[in-house]
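Input: a single structure, listed below in structure tokens.
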Amino acid sequence: MKKLYTYALIASLLFVSCSDDDDPIAVNEEEVITTMIVTLVPSDASTNITLKTQDLDGDGPNAPVVTVSGNLKASLTYAGSVKFLNETETPAEDITEEVEEEDTDHQVFYTVGSPLVMNVVSTNNDSDGNPLGTKFKIDGISSAGSGKLTFTLRHEPKKPNTGLTDAGGSTDLEATFDIVVE
Amino acid sequence: MSIFINFRIGNFNLDMKLKLPILILSCFLFSTLEIYSQNCDYNFSGVVIDLHDQSPLSNATLLIEGTDNIAISDNNGYFKFSGLCPSNYSVTVSHLKCKSKTFSIKLDGNLQKNLKLEHHINELNEVIVLAESDKRSKTIFENKISNELINDNSSSVLGDVLKNVSGVSSINSGNSIVKPIINGLYGSRVEILNNEVNIQDQQWGIEHAPSIDINSAENIYVIKGAGALQYSGSAIGGIIIAEPSKTLLKDSLYGKTLVFGGSNGKGGSIMSKLTRTYQSGWFSTIQGTFKRFGDFNAPDYVMSNTGFIDKSASFQIGLNQYNYGFELFLSSVNNEIGILRASHLHTAGDQVRAINSDSILYVDEFTYKIAHPNQKVTHNLAKLKVYKRFQDFGKVTFQYHFQNNKRLEFDIRRGINKNTSSTDLRLKTHTLTLDFDSNLFEKFDFKYGIKGEFQNNFPNPETGVKRIIPDYDKYDFGTYFISNLKLNKNWLLEGGVRYDYSKIDALKYYRKTFWESRNYNNIYSNIVINELTNQVLTNPVRNFNNFSATIGLSKKINNFNRVLLNYSIGSRAPNPSELFSEGLHHSSARIELGDLSFSAEKSHKIGLTVSHKKNNINININPYINSINDFIYINPTEIQQTVRGSFQVWEYMQTNARIWGIDTDINYDFTEKFTLKSQISYLKGIDTTNDKPLINMPPLNFKNEISYRNLKFHNFLLSIQSDFTFKQNDFPNNNFEVFVPTTGKMELVDVSSTPSAYHLLNLRSSVEFKKENNIKIKVGLSINNLLNISYKNYLNRMRNYSHDLGRNIILNLNLIY
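Here the protein sequences come in this chain order: A and B. Residue numbering for the first sequence follows numbering that gives the first Met the number 0, starting at 0 and increasing by one per position. Residue numbering for the second sequence follows numbering that gives the first Met the number 0, starting at 0 and increasing by one per position.
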């Protein structure tokens, strides 16, 4: 009988050690950028224009929702800023801070698709004096029309560079907006 | 919580239209052969070989006890007795400075056996006779990688050394992550055994190299197909068996040290192994390897961040008696591997840049430093084996294995996570096996065994990255019966069955949007155990009942010709990656999705081997056809937009597939000193349901090697190998288009096109010096890719980002003592 107890004890120990009923903890992805908000402040102090792309499921099946709050005016210049958010966390995490902290490893590029004509230039630099691009200005907008404006955030690009084509690195974000110029 | 039950048994339905003619043809082939019936006209011949370097031993004396029948091995180690009657004989083999040893042979036909002698040890206490009975399957041709080849490639990885076997190629992620492909199949479909332990190291990923140091093995065998049922029923590609050296029953201490230096990667390796044996049967072996390479070179540039460090060690202790014994084996493999920096891309747009670029996207100065992205993989293994032989009953073997695999993958990350790995998997496996090798009947041998296995996977959540492989417990139970029956002196019938039960019990977080897009919220609502804002915690449980079987015939036509025919059924349960993948696979810039509902894969393989072996020529031709039902493959389905950019979505799917091919090995000693070695591997893989080619099928490969060996002059060897790989013309078109802002257009992402054919020349040379005190020194110089050809390999996942390796000059020094 004593033997039986011993066996039972050993068996129960085996089972206890094999079964681990704790649920795994959920991973909140800290680095995911779900949202980019571009704010354009017009030179005539009229309403700001907001370009926004938001993809709350990250790499999940849902496509990002892209919105443009208004049209640009050919007669104006704009002061722009870019904000990156991780909205899977509550409250949303501002990834822009991280990008600006590691400024030499990042750069925001702007690509103006034809037939749009405008100059988009970075107005803030990294600690080495190369463009960072989270702040920028738009001028030289000529004529009315519509086209695509793309923002690309590159991680570890070659710096300095002459633009996206020779920057290398890997793309952390790429968002294209349909822009109308009045 | 609920349980899915899926009860499936291997599908016996054959495509008779195709297979029947082969069977008829084979039967016809056998029946037309004459059968000998003379007495006292048998030959016993073979070659006496030095166990250590496989070189032939001349002037060994062989005496049949009780007669004056003596044979002396010639310069090639060859001996022959003729005019023997069927009987049991005792043959004594002796060699200069060696203690003679007598052993028994049973003659009931012409017999050819190679006798291996421990040459450099003065007293010979054991003659290892490599006879047919050592083989794992008698009706599937078994390819062997010799110890000499392993020694000559001690700084290489397993996958590269195995390419010396026809029908074996590899799928690579760069030059250090090399996964063997057997007859077109790889990953979970190929089992790797290291000293009888089925390595459990997350073989599902293409970028997961097998955790094994070839230096711990003495010989490596390749069995194509699922026929070796005592090891596994799911190895529908094949089995690779790495065996440590057999130990001697004598008091001795011996070892070897191999030193390597390679110009490409400016690195090298050192490996040492020491074995102590005792007359009483006790033995122990200790072995260690250290390899270090910096960035490797393509012909025109440095492939930045491709260096690696490998630290491995093994220890073995045991008692080896005829009637009983035990063995404890410990092994640890630690790899740190750099991943080509230029392959670190994020989006489809990045892929376009890489593919359309003339050169590599990222080049830096040569360095030994391994930066991110990289992998750190540790595989620790412990094995305990006990056996006992009972008279008139058989041999009973019990084994326990424990394996601990830890895999860290580092990515280029941002912020506080910069030095945190993005994958951290810990896989623990416990295995118990009990095998019985029968001695009950004289004519009828059989083996029976059972296996139980428990596996736990823990993906560490502290990575801060969504886990692709979930937490799971896996339970396996297997049982097999294999046997062979000698029908008469020329015919042998082999058969076996195996049953495997497998249960996987996982805890997986799904992205809510994915869960709903697959309609899992309706189909699998009962497995949800917790709902969070964006994620659902689920408890999927799957059960698989797999059946596998093999049947084969071996027919000895005459002394020189032999035909083997084998039909094997294998079943493989889907692996965790195929079931649960869901998310971005960073290293391939694509989103990979598994499927919870998969059933097991069923393979039906017929293989025929025709062997011809006569004095100086040895030819093996091996045609095969493998028909796989519910073949799991990954296929691109759509383009997904995310804030990061566009990604191609690859979904695991099931289809029916057929792979057929032919492997040929020719070895021809056209003079005493010159040898020609040819190897041709050809195969075709088709998705029969969708009538399109299968992806990643090895293209036609043709290898020819001419070597000159002078046994009289320090065993001088000079050989040149031509390795011709054709362009793979059969591939599925998985190209897609993506919007590229810089051009303002949709651009084609050509991920499918295959690289052009290439021809590599490899040179090998060596000399040996023997010292009085049994020390042998071998010095070798090899040059791989002699002409520094710039080429791309279809089966290298990095082919879109860089060329393959340039010229490599290797100097090696083998010290055997």
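Even glycine gets a Cβ: it sits at the ideal position worked out from N, Cα and C. What you are looking at is a predicted structure, and each value in this text was computed from that prediction instead of being measured.
query: Answer yes or no: does any C-beta atom of chain B fall closer than 8 Å to that of Thr164/A?; result: yes
query: With distance defined between alpha-carbon atoms, name the residue in Ser233/B, Thr549/B and Lys290/B nearest to Leu257/B.; result: Lys290/B
query: Could you tell me whether any Cβ in chain A is nearer than 8 Å to the Cβ of Gly264/B?; result: no
query: Output, in chain order, the set of chain A residues within a Cβ distance shorter than 7 Å of Gly204/B.; result: Chain A residues near Gly204/B: none, gap ~18 Å exceeds 7 Å.
query: Residues in the stretch 650-662 of chain B with C-beta within 9 Å of chain A's C-beta atoms, listed in sequence order?; result: none
query: Just checking: is the beta-carbon of Gly59/A within a distance shorter than 8 Å of some beta-carbon in chain B?; result: yes
query: Tell me the rounded alpha-carbon separation between Asp144/A and Ser113/A.; result: The sequence as given places Gly at residue 144/A; Asp does not occur at that position. Cα to Cα, the separation comes out at about 10 Å.
query: Would DSSP call Gly158/B helix, strand or coil?; result: helix
query: With 16 other CB atoms within 10 Å as the buried threshold, where does Met117/A fall?; result: buried
query: Using DSSP with H/G/I as helix, E/B as strand and the rest coil, what is Ser645/B?; result: strand
query: Strictly below 8 Å CB to CB, what residues from chain E border Asp470/B?; result: The question asks about chain E, but that chain is absent: this structure's protein chains are A and B.
query: Run through DSSP, which three-state label would Leu564/B get?; result: strand
query: Have a look at Lys604/B and Tyr623/B and give me their C-alpha separation to the nearest angstrom.; result: 7 Å
query: Ordered along the chain, which non-local residues of its own chain (more than five positions away) have a Cβ less than 8 Å from that of Ile627/B?; result: Ile235, Glu600, Lys601, Ser602, His603, Asn655, Ala656, Arg657 and Ile658
query: Distance cutoff 8 Å, beta carbons only. Does Leu172/A sit that close to anything in chain B?; result: yes
query: Strictly under 8 Å for the Cβ-Cβ distance: is Ile467/B near chain A by that measure?; result: no
query: Run down chain A in chain order and give the residues with a C-beta less than 8 Å from the C-beta of Pro454/B.; result: Here residue 454/B turns out to be Gln, not Pro, going by the sequence shown. By Cβ distance, chain A contributes nothing, its closest Cβ being about 11 Å from Gln454/B, past 8 Å.
query: Give the secondary structure of Asp19/A by DSSP, where H, G and I count as helix, E and B as strand, and everything else as coil.; result: Bear in mind that the predicted position of Asp19/A carries a pLDDT of just 49, short of 50, making it too unreliable to give a figure here.
query: For the stretch 235-253 of chain B against the stretch 500-508 of chain B, are there 3 or more C-beta pairs whose distance is under 8 Å?; result: no
query: Could you tell me the distance, in whole angstroms, from the CA atom of His154/A to the CA atom of Asp171/A?; result: 6 Å
query: Cβ of Met0/B less than 8 Å from any chain A Cβ?; result: A caution first: Met0/B carries a pLDDT of 33, below 50, which makes its placement in the model too unreliable to give a value.
query: Please report how far the alpha carbon of Glu217/B lies from the alpha carbon of Pro754/B, in whole angstroms.; result: 36 Å
query: At the level of alpha carbons, what is the spacing between Tyr361/B and Lys51/A?; result: 32 Å
query: Would DSSP call Phe730/B helix, strand or coil?; result: coil
query: Just the chain B side, please: which residues come within less than 8 Å of Met35/A by C-beta, in chain order?; result: Val642
query: Have a look at Glu125/B and Pro298/B and give me their C-alpha separation to the nearest angstrom.; result: Bear in mind that a pLDDT of 32 at Glu125/B, under 50, signals an unreliable position, so the number given afterwards is only what the model happens to contain. Rounded to whole angstroms, Glu125/B to Pro298/B spans 50 Å at the Cα level.
query: Quick check: the stretch 477-494 of chain B against the stretch 508-522 of chain B, are at least 3 beta-carbon pairs closer than 8 Å?; result: no
query: Give me the residue from Ala70/B, Leu327/B, Gly287/B and Tyr323/B with the minimum Cα distance to Gly317/B.; result: Leu327/B
query: In this structure, what does DSSP give as the bridge partners for Ser421/B?; result: For Ser421/B, which the question treats as bridged, DSSP gives no partner whatsoever.
query: Report the rounded CA-to-CA distance for Glu185/A versus Arg413/B, giving the unit in angstroms.; result: Nothing can be reported for residue 185/A: it is not among the residues displayed for chain A, which extend from 0 to 181.
query: Show which residues of chain B have a CB atom less than 8 Å away from the CB atom of Ile32/A.; result: Val642 and Arg643
query: Do Ser283/B and Gln320/B have their CB atoms nearer than 8 Å?; result: no
query: Please confirm whether Asn529/B has its beta-carbon closer than 8 Å to some beta-carbon of chain A.; result: yes
query: Which residue marks the beginning of the beta strand (DSSP E) containing Trp281/B, and which one marks its end?; result: Trp281 to Phe292
query: Report back the beta-carbon spacing between Val31/A and Thr87/A to the nearest angstrom; my notes put them in contact at under 8 Å.; result: 6 Å
query: Taking the straight line between their C-alpha atoms, what separation do you get for Ser36/B and Lys105/B?; result: Here the model assigns Ser36/B a pLDDT of 37, short of 50, so the residue's position is not dependable, and the following value carries that caveat. Answer to the nearest angstrom: the Cα atoms are 17 Å apart.
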